[in-house]
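Quick notes on the structure that follows.
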Amino acid sequence: MIYDANYVVQSCLADTDSDATHYKKYLKWAIDGFKRMNMSNATSVVKSVLLDVRPDHSAFLPDDYVDYTKIGIEHCGQVLNLNSNPNIFLGNSASPPPHCAKTDNDITCDCNNFLNGQLGGDYFLGTSYWQYMSFWHNGQFTAGYYGVGAGYGAGTYRLDLDNRKICLGSCIVAKKLVLEYIGTGIDATGNFTIPYESIEALRAYVHWQRHRFSGNNIAAREEKRRFQMECAALVHKKNAMTAAEWMELIRESFYQTPKR
Amino acid sequence: MNKKDFYNSVQILFRQKAKSYELHGQQISIVADQVRGTQLKDEVRMAKREGDMSLGIIPDEYLTTKEFVTKYNPRRARWYIDLLTLPVSIYGTSLVKYIGSVRGRELEFVISRNSSQLMYSALEAGGMLGINDCFQEGKFIYFNNLPFEYENAPILIKAVFPIFILDDDDEIPVPDPEKFLMDVINILALSEKGEEHNTNDNKT
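So the protein sequences, as listed, match chains A and B. Sequential numbering of the first sequence, starting at 146, is according to the numbering used here. Sequential numbering of the second sequence, starting at 463, is according to the numbering used here.
Right, dumping it as structure tokens:
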């Protein structure tokens, strides 16, 4: 059994003894509920994609992009992280950013130098330790925001969210850019799995919307209350502590004393 | 009771009751469809009174199962099937209940509303999670993404079809055939009396 949006919709259709004519409408409500509950964070699905770098040193963000966790280049199966720089010229189609004079250097050469322990390179910091600080706050990677070095490159990218693209510094000569990102979690054309524990809340949401738009206000109020209860249950379930965590909590609070 | 037996029974009983001329087949089928339509509406009305808002509560006894071969329409660039007639609809909703594989339930097409194609195209739900769907336009059913193996191949349809397009060997799809038969006879007899009455009026 696969627990996906299809499962929720079929379950609601079975609840109402309805036929497949309402499938699309119920699916829309299930997706709305998924968004409403901000489930894309709950699924914690991090996708990794290779983006094509365009001649103007930029790469388009994927359609389902919500937030990034890593931006870098791939080398020998590893992602070499780049660093954010808010001063990079965004440019536009009329005035693209100028090419750097040092384009004769290939970035992979510097990567090789780095990996061989030969520090330096024109546009790498040359730090010999893993500088990718795991600064996570509320489910988001925040290293770049707080000025902590996120990677090796000394200020090599800038996000242009208005135009939904990543602008690279013109010194970067790379054909592909690795982007690890949190997506919306909604794949409308294929596999759209949802967390097992959220099924009840999503079903309650679909039934709430069903009554809401059919004009049955009393039933809609009842279903809304059920949705809120299911959401609270989901939060409790997500925050439930494991046996080890309880043990740790107890051990933190109690101190052994000499026996009298 | 198959269609042929049903028509014969109507002829015999009508002759006994109304002591009148022989009925035409078309006349019987029109009245039969009218009676069945009233029964269907009653079913829906009763269900709605109990709070069920869907049309899914129509009993399976009303459904007829038929096979249709898919064809290609180059102008629409879509595969389709021709139902040869309009399926029965209630309150604006067509009563086509199942479109899918002939070999059981290995593939079922979700029936979308024709009028909702455009508004869903901008929403995630328009993708239908990759599920095969189709929509009805009059007596045609168009497929959005028909798998290759179903091209020029038979597709099973379960729907409430009008009685006049059923084959002679097909069962009359009603839950209670005897009551249905008597209802049809009664209505035919009533219309017969009405006709006589009108004729007399015209004469005088």
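Think of the CB as a built atom: it goes at the ideal place given N, C-alpha and C, for glycine as much as any other residue. Please read all numbers here as calculations on a predicted model, not as lab measurements.
The alpha helix (DSSP H) that contains residue i, what's its start and end?
{"i": "A:ALA346", "result": "344 to 359"}
{"i": "A:THR166", "result": "Taken as a continuous stretch (DSSP letters only), A:THR166 belongs to no alpha helix (DSSP H), as it is neither H nor E."}
{"i": "B:THR500", "result": "487 to 511"}
{"i": "B:TYR582", "result": "579 to 583"}
{"i": "A:GLN223", "result": "Careful: A:GLN223 lies outside any alpha helix (DSSP H), inside the beta strand (DSSP E) at 223 to 226."}
{"i": "A:ALA364", "result": "362 to 383"}
{"i": "A:LEU394", "result": "388 to 398"}
Does any C-beta atom of chain A lie closer than 8 Å to the C-beta of residue i?
{"i": "B:GLY499", "result": "no"}
{"i": "B:GLU599", "result": "no"}
{"i": "B:SER578", "result": "yes"}
{"i": "B:TYR582", "result": "yes"}
{"i": "B:GLU555", "result": "The residue you asked about is not Glu; residue 555 of chain B is Thr in the sequence shown. Yes, contact with chain A."}
{"i": "B:LYS559", "result": "yes"}
{"i": "B:THR666", "result": "Because B:THR666 carries a pLDDT of 48, less than 50, the predicted location of this residue cannot be relied on, and the following value inherits that uncertainty. So, not an interface residue."}
{"i": "B:TRP541", "result": "no"}
{"i": "B:ASN464", "result": "no"}
Since residue i contacts residue j with CB under 8 Å, what's their CB separation in whole angstroms?
{"i": "B:THR526", "j": "B:ASP632", "result": "6 Å"}
{"i": "A:THR334", "j": "B:GLY592", "result": "5 Å"}
{"i": "B:TYR524", "j": "B:PRO635", "result": "5 Å"}
{"i": "A:ASP305", "j": "A:LEU235", "result": "5 Å"}
{"i": "B:ILE619", "j": "B:TYR560", "result": "7 Å"}
I'd like to know whether the C-beta of residue i is nearer than 8 Å to at least one C-beta of chain B.
{"i": "A:LEU270", "result": "Residue placement at A:LEU270 is flagged as unreliable, the pLDDT there being 44, under the threshold of 50; a coordinate-derived value is accordingly withheld."}
{"i": "A:ILE363", "result": "no"}
{"i": "A:LYS192", "result": "no"}
{"i": "A:GLY266", "result": "No answer about A:GLY266 holds up, because its pLDDT of 45 lies below 50 and its placement is not dependable."}
For residue i, return the contacting residues in chain A, with the cut-off set at a CB-CB distance below 8 Å.
{"i": "B:VAL572", "result": "ALA165, TYR168 and LYS169"}
Using a Cβ cut-off of 7 Å, pull out every chain A residue sitting near residue i, in sequence order please.
{"i": "B:LEU668", "result": "Residue coverage of chain B in this structure runs from 463 to 666, which leaves residue 668 of chain B outside it and unanswerable."}
{"i": "B:GLY589", "result": "ALA333 and THR334"}
Please list the terminal residues of the continuous beta strand (DSSP E) segment that includes residue i.
{"i": "A:VAL154", "result": "Counting along the chain, A:VAL154 falls outside any beta strand (DSSP E), though it belongs to the alpha helix (DSSP H) covering 150 to 160."}
{"i": "A:ASP305", "result": "302 to 305"}
{"i": "B:PHE610", "result": "From DSSP, B:PHE610 is part of no beta strand (DSSP E); its letter is neither H nor E."}
{"i": "B:ILE619", "result": "616 to 621"}
{"i": "B:GLY562", "result": "558 to 562"}
{"i": "B:ILE603", "result": "602 to 605"}
{"i": "B:ARG540", "result": "540 to 544"}
{"i": "B:TYR553", "result": "Segment: none, B:TYR553 is in no beta strand (DSSP E) and carries neither H nor E."}
{"i": "B:VAL531", "result": "526 to 531"}
{"i": "A:ILE233", "result": "A:ILE233 -> no beta strand (DSSP E), and no H or E assigned at all."}
{"i": "B:ASP629", "result": "That residue, B:ASP629, is in no beta strand (DSSP E); it is neither H nor E in DSSP."}
Strictly below 7 Å CB to CB, what residues from chain B border residue i?
{"i": "A:ALA150", "result": "LEU591"}
{"i": "A:PHE337", "result": "LEU591"}
{"i": "A:ILE420", "result": "Outside the displayed span of chain A (146 to 405) sits residue 420 of chain A, for which this structure offers no information."}
According to the Cβ coordinates, are residue i and residue j closer than 8 Å?
{"i": "A:VAL351", "j": "A:VAL211", "result": "no"}
{"i": "A:ALA349", "j": "A:GLU367", "result": "no"}
{"i": "B:THR555", "j": "B:ILE627", "result": "no"}
{"i": "A:LEU196", "j": "A:LEU324", "result": "yes"}
{"i": "B:LEU652", "j": "B:LEU485", "result": "no"}
{"i": "B:VAL564", "j": "B:GLU613", "result": "no"}
{"i": "A:LEU313", "j": "A:VAL198", "result": "yes"}
{"i": "B:LEU569", "j": "B:ALA621", "result": "no"}
{"i": "A:ILE216", "j": "A:TYR302", "result": "yes"}
{"i": "B:PRO549", "j": "B:PHE623", "result": "yes"}
{"i": "B:SER578", "j": "A:LYS169", "result": "yes"}
{"i": "B:VAL531", "j": "B:VAL646", "result": "no"}
Does the beta-carbon of residue i, which I'm using as the reference point, lie nearer than 7 Å to any heavy atom of the ligand ZN?
{"i": "A:ALA388", "result": "For the structure depicted, the ligand ZN is absent and the ligand set is empty, with no information on it obtainable."}
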